[in-house]
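Note that the sequence shown covers residues -19 to -1, 1 to 489 in mature numbering (1 follows the signal peptide of the UniProt record, and there is no 0). All residues carry an ideal CB built from backbone N, CA and C; glycine is no exception. Keep in mind the model is a prediction, meaning the values are calculated, not measured. The structure under discussion appears below in the form of structure tokens.
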Amino acid sequence: MSTSACNLLVLFGSQTGTAQDCAEKIVREAKRRHFSSRAVAMDLYNVANLLNEELVVFVCSTTGQGDPPDNMKTFWKFLLRKDLPATSLTNMKFAVLGLGDSSYQKYNVVAKRLQKRLEQLGACSILKLGLADDQHDLGIDAVMGPWLNDLWEVVLRLYPLPPGVEIIGSDVCPSPKYKVSILETVKLKDSENVKENFNEAKSVLQKNVKIGALCPFHARMFENKRVTSPDHFQDVRLIKLDISGSNLHYVPGDVAVVSPQNMPDTIQAFLSVTGLDPNTLFTLEQNDPDVPLLPNFPDPCTVQWLVTHYLDINSVPRRSFFELLKYHSQDELEKEKLEDFCSAQGQEELFSYCNRVKRTILEVLQDFSKTAANIPLEYLFDIIPPLQPRSFSIASSPKAHPNEIHLLMAVVNYKTKLHLPRRGVCSTWLASLDPNDPASTVPIWVKQGTIRFPTDPTVPLIMVGPGTGLAPFRSVIFDRCTAEHSAALVLFFGCRSQLKDFYCKEDP
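Shown next as structure tokens:
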């Protein structure tokens, strides 16, 4: 229960989930200090209420060419309105933490602009702008850790705890975001094929299943063609999807967003190490009034669906993963190592163990198998991040390919420094789908891309698109081919060999 007179709001703009993870960490730390606190994506927050907020922490990343994340764009557009008075936010105290990568020219530019705009609107900054750099030897934690320490020092100076109230110790496990109620076990046929089990479970629950936060359209795959020679080291696919009846609209330069799934072998490995029954049926309930239920999450849901569609078990775990995992360890050796990873002194070892070799969440759980088998189902939502959608430049033209979306995609496949094989979650899943199977559908939606082509077909174009960078140019070339009059188009395409990776050379 909150004992502070102040509410601490954490607003985040996150493209890959890192800023959201950081925001949720701030909320957990705020509640240890007895603040009422919640983390909200900026575009899900009613920006008009910002006038009444007393204390706000902003966490945001920078995407593309200095663009705000997708779930921050509407919020940012509102803040840029010229009719907002310079005294709009005079009642608000704030701090901004930017997450970026200094190898990019517009490093952390969104956070810098946000800081400046909030000050222009009269808000009072209580802390120096934090600029975390993923290029640092210790990643974003190198800046984020000290910045958060400074934040709490300032916040508690402004809003001291009541007499006799102590900060909740870090040895106390925080409450889970959600309550899980086990209903029953869905009776499925015995099968070693996880996909078969999932499809049957889906049919049992189909009346209530709404997959994906944005309710994507499930497009049927009707072609999955390798466009590199069989003996070429890289597998590149031209995937064609049927979007009939979807009401999806796009133009050349737009982007298709895909909700991926985990592969059956990794799903089975996760179920094995955690000891979870894939057929368990459960419902989610709110455990914290500040944390809303997941939008469009199946109700009820099976563990099979959860692991297949929601948990990002192949991602590299962040520090917060270890901070939460340690609470569920009852093995002395495993707990000691987890606590060491969470300490300031253990950050270099954690980076070497995890980030440098890109060790996945699944692999960490296999290394800490006794702890993994002890994780309650409800805590999976706190410990493991959700699968993130993947974006692909659309390689088709709505005029030349009505009711279709084409994707030109390289299947990610490489080895880590420890020579461990790595596969791209989304690309491997898409490449595995059989276009002759009616069940091969891809959850998809469309968003505006950063490339904007002239709508006038008489404007000549010079295009440079090596490798899969060809995709948006294939789209505009097909689009121009449908025009009665089109100016000259020049495409510079790069490949290693005409016989091995000359993509789409058979296109008319």
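From the options, pick the residue whose C-alpha is nearest to that of residue i; which is it?
i    : options                 : result
F16  : W133, P127, N336, A(-1) : W133
S151 : P157, Y308, I224        : Y308
E313 : N336, K206, F332, S350  : S350
I443 : S421, K58, L470, W426   : L470
Y26  : W57, S42, F459, L451    : W57
K316 : V345, C282, T352        : T352
L31  : D271, T43, T71, M390    : T71
T247 : L265, D24, P144, N295   : N295
L414 : I432, F203, A250        : F203
V239 : L388, P141, A325        : L388
L399 : N336, I107, K221        : N336
R14  : G475, Y291, S310, L142  : L142
A92  : G126, D48, K318, E329   : D48
A464 : G475, V440, Y484        : V440
P298 : V21, A250, A4, G(-3)    : G(-3)
Q1   : A22, A11, S18           : A22
F332 : P245, Q429, G120, F(-8) : G120
L401 : V338, R94, L65          : V338
C476 : P447, F373, E5          : P447
P127 : T397, F373, A325        : A325
N228 : Y395, I220, W426, P144  : W426
Here's a check: name, in chain order, each residue in its chain whose Cβ is nearer than 6 Å to the Cβ of residue i, leaving out the five neighbours to either side.
i    : result
R300 : D122
L36  : C(-14), L(-12), K74
S467 : P438, R461
R201 : D223, T422
G81  : T43, Y88, N89
Between which residues of its own chain and residue i is the CB-CB distance below 8 Å, once the five residues before and five after are set aside?
i    : result
V393 : R403, R404, G405, S408, T409
K481 : T209, S210, D212, H213
I356 : T255, L306, H309, I364
P273 : Q267
Pull up the distance between the alpha-carbon of residue i and that of residue j, whole angstroms please.
i           : j     : result
G327        : R340  : 17 Å
N89         : V136  : 24 Å
A104        : S69   : 8 Å
K176        : N384  : Unreliable positioning characterises K176 in this predicted model, as indicated by a pLDDT of 43, which lies under 50. The coordinate reading is nonetheless provided below. C-alpha separation (whole angstroms): 28 Å.
I458        : V445  : 13 Å
L129        : L305  : 18 Å
H117        : Y231  : 39 Å
Q267        : F473  : 54 Å
N205        : H199  : 16 Å
S478        : F302  : 44 Å
I342        : L222  : 31 Å
P157        : N277  : 20 Å
H290        : C196  : 13 Å
V124        : D131  : 11 Å
residue 513 : I365  : Nothing can be reported for residue 513: it is not among the residues displayed for the chain, which extend from -19 to 489.
R207        : R218  : 4 Å
T431        : S(-6) : 18 Å
S172        : E359  : Annotation note: pLDDT 37 at S172 (below 50); position unreliable, coordinate value reported separately. Straight-line Cα distance between these residues: approximately 26 Å.
N417        : M390  : 19 Å
Q347        : F362  : 19 Å
A11         : D271  : 13 Å
T255        : G226  : 40 Å
P241        : D51   : 18 Å
P371        : E147  : According to the sequence as given, residue 371 is Arg; it is not Pro. Taking the straight line from one Cα to the other gives about 44 Å.
T436        : L368  : 35 Å
Can you give me the Cβ contacts of residue i inside the same chain, cut-off strictly under 7 Å, excluding the 5 residues immediately before and after it?
i    : result
R9   : P155
Q86  : none
A250 : L343
P233 : S378, F434, P453, S456, V457, D460
I149 : R13
P489 : none
Just reading off the beta strand (DSSP E) that residue i is part of, what are its end residues?
i     : result
S301  : Segment 300 to 306 is the alpha helix (DSSP H) holding S301; no beta strand (DSSP E) there.
F75   : 74 to 81
F(-8) : -13 to -7
A237  : 236 to 239
Kindly say whether residue i, judged by its beta-carbon, lies nearer than 8 Å to any beta-carbon of chain D.
i   : result
N33 : Within the model displayed, chain D is absent; a lone protein chain is all it includes.
What distance in whole Å lies between the Cβ atoms of residue j and residue i, which are believed to be in contact at a cut-off of 8 Å?
i    : j    : result
A29  : L78  : Contact flag wrong, Cβ pair sits at about 24 Å.
R455 : A376 : 5 Å
Q96  : L110 : 5 Å
I107 : A67  : The pair is not a contact, with the Cβ atoms about 19 Å apart (cut-off 8 Å).
F373 : A237 : 5 Å
A20  : E5   : 5 Å
For the alpha helix (DSSP H) that contains residue i, what are its first and last residues?
i    : result
L99  : 90 to 101
G126 : 122 to 139
A353 : 350 to 353
T247 : 245 to 255
A67  : Element bounds for A67: n/a, residue is neither H nor E.
Would the C-beta of residue i count as close to the ligand PLP, meaning under 7 Å from any of its heavy atoms?
i    : result
V445 : In the structure shown, the ligand PLP is absent, as is every other ligand, since no ligand is present at all.
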